Amino acid sequence: MTSYQLQYSNMCLISLSCGANQPVYGGAMSNQDAAVSTLDLRGLKCPMPLLKTKQKLNAMAAGEQLLVLTTDPGSQRDFSSYLQLSAHTLVESRVVEGEFHFLILRG
1 MTSYQLQYSN
11 MCLISLSCGA
21 NQPVYGGAMS
31 NQDAAVSTLD
41 LRGLKCPMPL
51 LKTKQKLNAM
61 AAGEQLLVLT
71 TDPGSQRDFS
81 SYLQLSAHTL
91 VESRVVEGEF
101 HFLILRG
């Protein structure tokens, strides 16, 4: 599995929201790695971040990646519990300036 690291840059390694000081997930990606889709759920409260993430993952193909951005602190607990019981993989989880970022590999 590819190792991903959070980087801040004025340039996009993988097109997400491309802006100064915006988080950009990147790494040594091969042709087998899927592009990262972004789901911006900032401002939503429990249970909406988890429900909308589940809907989005259900619409994706296995092997695709999803970056979820939330501001709800309960998302950490909710996502951890859900992903342990699902076929999906939590690639990386970060807290960035009061936001919670989850990089998920669709199983």
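Residue 59 in UniProt numbering sits at position 59 of the sequence shown; the count goes up by one each step and never skips.
The beta carbon of each residue, even a glycine, is placed where N, CA and C say it ideally should be.
Quick caveat: nothing in here was measured; it's all calculated off a predicted structure.
Looking at the secondary structure, which residues open and close the alpha helix (DSSP H) in which residue i lies?
i, result
"T38", "Element bounds for T38: not the alpha helix (DSSP H) but the beta strand (DSSP E), V36 to D40."
"L50", "M48 to N58"
"R77", "G74 to L85"
How about residue i and residue j: do their beta carbons lie closer than 7 Å?
i, j, result
"L50", "E99", "no"
"L103", "V91", "yes"
"K45", "D72", "yes"
"L105", "Q76", "no"
Quick check: what's the CA-CA separation for residue i versus residue j?
i, j, result
"L85", "S93", "17 Å"
"E59", "L41", "Correcting the residue type first, residue 59 is Ala in the shown sequence and not Glu. Spanning the two alpha carbons is a distance of roughly 17 Å."
"Q32", "S81", "In this predicted model, Q32 has a pLDDT of only 44, less than 50, meaning its place in the structure is not dependable; the value taken from the coordinates is given anyway. Taking the straight line joining both Cα atoms gives about 28 Å."
"V96", "T53", "19 Å"
"A28", "T38", "Unreliable positioning characterises A28 in this predicted model, as indicated by a pLDDT of 36, which lies under 50. A coordinate reading is not provided."
"A61", "A35", "12 Å"
"G63", "G107", "6 Å"
"L67", "G74", "17 Å"
Kindly give me the distance between the Cβ atoms of residue i and residue j, rounded to whole angstroms, as I take these residues to be in contact under 8 Å.
i, j, result
"L57", "H88", "6 Å"
I'd like the span of the beta strand (DSSP E) that includes residue i, first residue to last.
i, result
"H101", "E99 to L105"
"E92", "T89 to V96"
"T70", "Q65 to T70"
Is residue i near the ligand ZN - that is, is its Cβ less than 6 Å away from at least one heavy atom of it?
i, result
"G107", "Only the bare structure without any ligand can be found here, which leaves the ligand ZN out of the picture."
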